[in-house]
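For the sequence shown, the working numbering assigns the number 11 to the initial residue and increments by one for each residue that follows.
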Amino acid sequence: DHHAEFEPGTVACGVPELDAVLGGGLDRGTTNLIIGPSGAGKSTLALGYLMAALDRGEHGLIISFDETSGILQRRATGIGFAISPHIQSGRLRIEQMDPADISAGDFAGRIRDAVETDGARVVVIDSLTGYMSAMSGQPHLVLQMHEMTTYLNQQGVVTILVLAQHGMVGRMEAPVDLTYVSDTVVMLRFFEAGGHVRRALSVLK
Numbered sequence: 011d012h013h014a015e016f017e018p019g020t021v022a023c024g025v026p027e028l029d030a031v032l033g034g035g036l037d038r039g040t041t042n043l044i045i046g047p048s049g050a051g052k053s054t055l056a057l058g059y060l061m062a063a064l065d066r067g068e069h070g071l072i073i074s075f076d077e078t079s080g081i082l083q084r085r086a087t088g089i090g091f092a093i094s095p096h097i098q099s100g101r102l103r104i105e106q107m108d109p110a111d112i113s114a115g116d117f118a119g120r121i122r123d124a125v126e127t128d129g130a131r132v133v134v135i136d137s138l139t140g141y142m143s144a145m146s147g148q149p150h151l152v153l154q155m156h157e158m159t160t161y162l163n164q165q166g167v168v169t170i171l172v173l174a175q176h177g178m179v180g181r182m183e184a185p186v187d188l189t190y191v192s193d194t195v196v197m198l199r200f201f202e203a204g205g206h207v208r209r210a211l212s213v214l215k
């Protein structure tokens, strides 16, 4: 019931090879899942697309379950993303969530406020692992995320979900299957080759 007119388009991150493997970037009005083990670069990848949008003058939102706003800003600066000026200008809002003190209604309300009041065009939820600990069960999480992503898609928002897998090298498992609510699924993984641990990026969907 929340349809809005928006101009179709693609959000590119500015890395030609990455944009190419994603068909030019991430489409507006889509949900994009980045999945992989800890340390594989999921948050960095999400920040890359968010920063590209902010640098174009768009507004964005980060829902952070895993890090405080201060740590997030320091880590972003450490990898070359200057997000502090965007926060000060009001283009970027960071909502720090405590999984022990968050309800589904509060979660949805903060996202809707950022989209409808601030005009956020890119929403990053990092990570769903923290949100899961606040839910009573997996079916509730999947249904709530389906409703939320449907709303965001209808608003023309680029939604980026970050989900951590269990394990590091070899077989890994995700705590919840959200691929069916996602238009794009990007998997990051580690593998061993020639005595080195390397990283791979695969677009599965």
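Beta carbons: idealized from backbone N, C-alpha and C, even for Gly.
Beta-ladder partner(s) of residue i, from DSSP
| i | result |
| --- | --- |
| Ser-53 | Ser-53 is not bridged to any residue. |
| Val-21 | Leu-36 |
| Gly-70 | Leu-102 and Val-132 |
Extent of the continuous beta strand (DSSP E) to which residue i belongs
| i | result |
| --- | --- |
| Leu-43 | 41-46 |
| Leu-198 | 194-203 |
| Val-172 | 168-174 |
| Ala-210 | 206-213 |
Nearest neighbour of residue i, chosen from the options [CA to CA]
| i | options | result |
| --- | --- | --- |
| His-172 | Thr-194, Ile-45, His-206 and Leu-153 | According to the sequence displayed, residue 172 carries Val and not His. Looking at the Cα atoms, Ile-45 is the closest of the given residues. |
| Met-36 | Lys-52, Leu-214, Gly-205 and Thr-194 | The sequence shown places Leu at residue 36, not Met. When each option's Cα is compared against that of Leu-36, the closest is Thr-194. |
| Ala-63 | Thr-87, Glu-77 and Ile-93 | Ile-93 |
| Asp-123 | Gly-204, Gly-19 and Glu-105 | Glu-105 |
Residue burial classification, residue i (beta-carbon count within 10 angstroms, cutoff 16)
| i | result |
| --- | --- |
| Phe-201 | exposed |
| Gln-175 | buried |
| Ala-50 | buried |
| Val-125 | buried |
| Tyr-190 | exposed |
| Leu-198 | buried |
| Ser-48 | exposed |
| Glu-17 | exposed |
| Ser-53 | buried |
| Asp-136 | buried |
| Thr-87 | exposed |
| Gly-140 | buried |
First and last residue of the uninterrupted alpha helix (DSSP H) at residue i
| i | result |
| --- | --- |
| Ala-30 | 26-31 |
Q) Of all the beta strand (DSSP E) runs that stay within the bounds of the region 73-153, which reach a length of 3 or more residues? A) 102-106 and 130-136
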